[in-house]
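Under the numbering used here, the first residue of the sequence shown is numbered 1, with each subsequent residue one higher. Just so you know, even glycine gets a beta-carbon here, dropped at the ideal spot from N, CA and C. In this text, all values refer to a predicted model and were calculated from it rather than measured experimentally. One structure is given here, and the rest of the page talks about it.
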Amino acid sequence: MLLQIHDELVFESPKPVAEDAMKLIVQRMESAMELDVPLVVEASASGNWFEGK
Numbered sequence: 001m002l003l004q005i006h007d008e009l010v011f012e013s014p015k016p017v018a019e020d021a022m023k024l025i026v027q028r029m030e031s032a033m034e035l036d037v038p039l040v041v042e043a044s045a046s047g048n049w050f051e052g053k
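Take a look at the structure:
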């Protein structure tokens, strides 16, 4: 994890594993604790921070 900005987390990974890493991060964040309401996590990947916005 590189940054935590308000409600956003920024990660960096090699391109060959980026998709798998993103799926794992989303799964772990959504199941971090049992809640009465669903915790929905949105994720996206880009070549750099500007493209991701």
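Given this structure, state the Cα-to-Cα distance separating residue i from residue j, to the nearest angstrom.
{"i": "L3", "j": "K23", "result": "18 Å"}
{"i": "L39", "j": "V26", "result": "10 Å"}
{"i": "I5", "j": "E34", "result": "24 Å"}
{"i": "G52", "j": "E8", "result": "12 Å"}
Cβ of residue i within 7 Å of Cβ of residue j?
{"i": "A21", "j": "S31", "result": "no"}
Hey, out of the options, whose CA is closest to residue i's CA?
{"i": "V10", "options": "L35, A18, M1", "result": "M1"}
{"i": "R28", "options": "H6, P16, A43", "result": "A43"}
{"i": "V17", "options": "W49, A45, F50", "result": "A45"}
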